[in-house]
Amino acid sequence: MSGLRKQTPIGGITTAQSEKQDKGDAQMMRARARRRHHVSRIKRRVRRYYGGYAKDKPRHLGRIARTRQLCSCWMCGNPRRYLGERSLQERRAFQPVESW
Ligand SMILES: [Zn+2]
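My numbering puts the sequence shown at residues 1 to 100.
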């Protein structure tokens, strides 16, 4: 991303404070633009989820974009919670060390 060229105030005087402020604003605007970019990207992506039912429903589209895993029943949810299983990471960590 480019743009947002820093402008020198009239007379060419830049104090440290104003410089810092300018940089903060520019970074914030970049961050906001980036966040919006990702939101629109995610929404474009989830548009076709669940047979595209939310394609023309902005509210549902936003919900899917923010909540990818809509269900937490025993089939969809965390196996530790419902079946007492250990996660893959835990299984890996508790694996007996083999000698080589
Ligand atoms: Zn479910």
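Even glycine gets a Cβ: it sits at the ideal position worked out from N, Cα and C.
Given the structure is predicted, the values throughout are model-derived calculations rather than measurements.
| request: Check glycine 3 in the structure and name its three-state DSSP category. | output: Here residue 3 refers to the residue found at position 3 of the sequence shown. Bear in mind that the predicted position of glycine 3 carries a pLDDT of just 48, short of 50, making it too unreliable to give a figure here.
| Taking the alpha-carbon positions, what's the serine 40 to alanine 26 distance? | The residue you call residue 40 lines up with position 40 of the sequence shown. The residue you call residue 26 lines up with position 26 of the sequence shown. Going by the C-alpha atoms only, they are around 21 Å apart.
| query | What number of angstroms, rounded off, separates the C-alpha of arginine 80 from the C-alpha of serine 87? | reply | Indexing the sequence shown from 1 puts residue 80 at position 80. Indexing the sequence shown from 1 puts residue 87 at position 87. If I take the Cα positions, the gap works out to 7 Å.
| query | Thinking C-alpha only, which one of His37, Arg59, Met29, Ile64 is nearest tyrosine 50? | reply | As a working note, residue 50 is residue 50 in the sequence shown. The shortest C-alpha separation from tyrosine 50 is found at Ile64.
| said: Could you check whether alanine 54 and methionine 44 sit closer than 8 Å to each other, using their CB atoms as the reference points? | reply: Residue numbering aside, residue 44 sits at position 44 when the sequence shown is read from its first letter. Residue numbering aside, residue 54 sits at position 54 when the sequence shown is read from its first letter. Note on residue identity: the sequence assigns arginine, not methionine, to residue 44. No.
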